[in-house]
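Sequential numbering of the first sequence, starting at 1, is according to my numbering.
In this text, a Cβ means the ideal position worked out from N, Cα and C, and glycines have one as well.
Please read all numbers here as calculations on a predicted model, not as lab measurements.
Heads up, the thing below is written out as structure tokens.
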Amino acid sequence: MLDKKFILDNAELVQQNCEHRGVKADVARFVKLETEGRQLQQQIEDLARQANVVSKSIGKAKDDAEREQRKEEGRELREQKDAQQAELDRLAAEAGAIYRSMPNLTHAEAPIGDEARSREIRRGEIEVRRFGFPVLDHVELAQQHDLIDFEGGARIAGNGFYFLKNEAALLELALQQYAIELLIGESFTPMITPDVARGEILQGIGFIPRGPETQIYSIENHDLNLVATAEITLGGMYRGEVIDADKLPIKLCGVSHCFRTEAGAAGRASRGLYRVHQFTKVEMFAFTLPEQSEDMHNYLCDLECQLFDGLGIPYRVIDTATGDLGGPAYRKFDLEAWMPGRGKSGEYGEVTSASNCTDYQARRLNIRYKVKGEKGTHFVHTLNGTAVAISRALIAILENCQQPDGTIIVPEALRKWIGKDRIGSTE
RNA sequence: GGAGAGGUGGCAGAGUGGUCGAAUGCGCCGGUUUGCUAAAUCGGUGACUGGGGAAACCUGGUCCGCAGGUUCGAAUCCUGUCCUCUCCGCCA
Numbered sequence: 001m002l003d004k005k006f007i008l009d010n011a012e013l014v015q016q017n018c019e020h021r022g023v024k025a026d027v028a029r030f031v032k033l034e035t036e037g038r039q040l041q042q043q044i045e046d047l048a049r050q051a052n053v054v055s056k057s058i059g060k061a062k063d064d065a066e067r068e069q070r071k072e073e074g075r076e077l078r079e080q081k082d083a084q085q086a087e088l089d090r091l092a093a094e095a096g097a098i099y100r101s102m103p104n105l106t107h108a109e110a111p112i113g114d115e116a117r118s119r120e121i122r123r124g125e126i127e128v129r130r131f132g133f134p135v136l137d138h139v140e141l142a143q144q145h146d147l148i149d150f151e152g153g154a155r156i157a158g159n160g161f162y163f164l165k166n167e168a169a170l171l172e173l174a175l176q177q178y179a180i181e182l183l184i185g186e187s188f189t190p191m192i193t194p195d196v197a198r199g200e201i202l203q204g205i206g207f208i209p210r211g212p213e214t215q216i217y218s219i220e221n222h223d224l225n226l227v228a229t230a231e232i233t234l235g236g237m238y239r240g241e242v243i244d245a246d247k248l249p250i251k252l253c254g255v256s257h258c259f260r261t262e263a264g265a266a267g268r269a270s271r272g273l274y275r276v277h278q279f280t281k282v283e284m285f286a287f288t289l290p291e292q293s294e295d296m297h298n299y300l301c302d303l304e305c306q307l308f309d310g311l312g313i314p315y316r317v318i319d320t321a322t323g324d325l326g327g328p329a330y331r332k333f334d335l336e337a338w339m340p341g342r343g344k345s346g347e348y349g350e351v352t353s354a355s356n357c358t359d360y361q362a363r364r365l366n367i368r369y370k371v372k373g374e375k376g377t378h379f380v381h382t383l384n385g386t387a388v389a390i391s392r393a394l395i396a397i398l399e400n401c402q403q404p405d406g407t408i409i410v411p412e413a414l415r416k417w418i419g420k421d422r423i424g425s426t427e
């Protein structure tokens, strides 16, 4: 949510922002409704004031006749008030629909335009390898080494589900450990979060829990949904709270399973593990003061880079274009890892993303902070970033680390948890 | 799943239909006192929102989980709903 006052004062800017983001929102109409609504509100409040005065006078009335007279006055005032309130509710409903469709403001440096305008701003330490042999994709590699059972997953839960087996199962655990170890070193609080959350929590974060195009699995007869990311649970944790300013920034890292229906994604390049209905993810989440959020955003991105550099995976960092940003994001950096088996001769594929949502989520979730000794409260800023999305990281590892002899070298950083240097060798 | 209790300010916790935005305590802010710290003591201190004002401040409205209802008037009565806690059952 944006600040309504800000919208009224900066209608053109907000309208332009919506256009940059490819969102249709009639800001002028919102301003008109909101302005009318405020006038109406004034009248309603004045009627309420008069009615309150009348009510108070009744206790001091001298006799029954006067009392009855006053009651009648009060009744009339409240009737008028209710009528105006109904009118206001009507305006507010229309204004609210427009309001809720407005995305967050956008960072001045974010490239304007659709997905094609997204800008590469950084590369990883590791160069893309030149393979002197025909590369296999992760599906073929997994088959060769008996790492993933797609058929089994489909049998028990349908297409898009899978079993990780053998070293792949170990790699999942190792990747979690690896990420969490690094983040604990950076003073993140490790958390294992619920894998389900209430509808209003999802909405607060910016997901739409039910409806035809939802990405979210819902549990029948309960207001519970399978989470699509631990961003939902970590962000929702502080819903309605007022946090002492000196406790900020709060840095959390949470492990959860992530469930996505991927409605409408059928037919897109999504072979193997790339687009699945369930995966495990280690997520970073931060609550900050407004002036801290930009630095925190860069920091989260740096950590993602460190994690992938540490795995020896080549990647690039993308400053996501305005047209490709989700509603809550003010700016988003995506890490795209090189996936040699993707496409005809390798392609970059998104493996993590870090978003600064400024106060957009905090306003919806009503998460505020208070400075000691100062009056009033303010909305915190929230940020989220993927540490490791296991399924996509697995693709990158398997495909980048494959060797001419068909074996896969285990990234050094993970060996202590895998217990071997290489997948596929008999040694 | 069954039974019961409860949701009130940053926290804890009172509250007979009007004088209750709400006692009291903690916390917080300010003053006094005391080598420092601590303690003591006095005063102040809810949120949101509208209007006036350069500002200090003044002034309206709303808010006691949420939504309705009764009433001139609701934290208080009624209905529904959500949530939390306790006990029992089941269970890794």
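Which class does residue i belong to by DSSP, given the choice of helix, strand or coil?
i           : result
residue 134 : coil
residue 71  : helix
residue 82  : helix
residue 274 : coil
residue 353 : strand
residue 208 : coil
residue 283 : strand
residue 89  : helix
residue 161 : coil
residue 319 : strand
residue 57  : helix
residue 39  : helix
residue 403 : coil
residue 112 : coil
residue 145 : helix
residue 347 : strand
residue 101 : helix
residue 262 : coil
residue 288 : strand
Assuming residue i contacts residue j under a Cβ cut-off of 8 Å, what Cβ separation, rounded to an integer in Å, is found between them?
i           : j           : result
residue 321 : residue 110 : 7 Å
residue 303 : residue 186 : 7 Å
residue 230 : residue 215 : No, residue 230 and residue 215 are not in contact; Cβ-Cβ is about 15 Å, not under 8 Å.
residue 224 : residue 394 : Contact flag wrong, Cβ pair sits at about 29 Å.
residue 356 : residue 383 : 5 Å
residue 294 : residue 387 : Contact flag wrong, Cβ pair sits at about 20 Å.
residue 54  : residue 73  : 5 Å
Using the rule of at least 16 other Cβ atoms within 10 Å of the residue's Cβ for burial, across every protein chain shown, is residue i buried or exposed?
i           : result
residue 93  : exposed
residue 189 : exposed
residue 213 : exposed
residue 279 : buried
residue 167 : buried
residue 154 : exposed
residue 328 : buried
residue 466 : This structure cannot settle anything about residue 466, because the visible part of the chain is limited to 1 through 427.
residue 270 : exposed
residue 222 : exposed
residue 134 : exposed
residue 342 : buried
residue 411 : buried
residue 419 : exposed
residue 425 : exposed
Kindly indicate the opening and closing residues of the beta strand (DSSP E) around residue i.
i           : result
residue 192 : 189 to 192
residue 254 : 250 to 259
residue 172 : Premise fails: residue 172 lies in the alpha helix (DSSP H), 166 to 185, not in any beta strand (DSSP E).
residue 332 : 331 to 339
residue 197 : 196 to 198
residue 369 : 368 to 370
residue 216 : Element bounds for residue 216: n/a, residue is neither H nor E.
From which residue to which residue does the alpha helix (DSSP H) around residue i run?
i           : result
residue 297 : 293 to 311
residue 223 : Segment: none, residue 223 is in no alpha helix (DSSP H) and carries neither H nor E.
residue 21  : Taken as a continuous stretch (DSSP letters only), residue 21 belongs to no alpha helix (DSSP H), as it is neither H nor E.
residue 382 : From DSSP, residue 382 is part of no alpha helix (DSSP H) but of the beta strand (DSSP E) over 381 to 389.
residue 244 : No alpha helix (DSSP H) holds residue 244; the beta strand (DSSP E) holding it covers 242 to 244.
residue 150 : 150 to 157
residue 9   : 4 to 9
residue 418 : 415 to 418
residue 126 : Here residue 126 belongs to no alpha helix (DSSP H), and DSSP marks it neither H nor E.
residue 228 : It is not in any alpha helix (DSSP H) - residue 228 carries neither H nor E in the DSSP assignment.
residue 365 : 360 to 365
Using 7 Å as the cut-off, classify the Cβ of residue i as near or not near the heavy atoms of the ligand HEM, replying yes or no.
i           : result
residue 299 : No copy of the ligand HEM occurs in the structure displayed, which carries no ligand at all.
(Q) Closer than 8 Å is the cut-off here; do at least three beta carbon pairs connect the segment 134 to 145 with the segment 396 to 407? (A) yes
Q | Segment contact, 8 Å Cβ cut-off, at least three pairs: the segment 308 to 323 with the segment 337 to 352 | A | With the cut-off at 8 Å, the segment 308 to 323 and the segment 337 to 352 touch.
Q.
Quick test of the definition: if touching needs 3 or more C-beta pairs under 8 Å, does the segment 8 to 21 touch the segment 29 to 46?
A. Yes, the segment 8 to 21 touches the segment 29 to 46.
Q) Between the segment 228 to 240 and the segment 162 to 180, do at least 3 Cβ pairs fall closer than 8 Å? A) No, the segment 228 to 240 is not in contact with the segment 162 to 180.
Q: Check whether the segment 107 to 121 touches the segment 43 to 50, taking contact to mean three or more Cβ pairs, one atom from each stretch, closer than 8 Å.
A: Short answer: they don't touch.
Q.
When you compare the segment 246 to 259 with the segment 280 to 287, are there three or more beta-carbon pairs, one atom per stretch, that lie closer than 8 Å?
A. Under the 8 Å Cβ criterion, the segment 246 to 259 counts as touching the segment 280 to 287, having at least three qualifying pairs.
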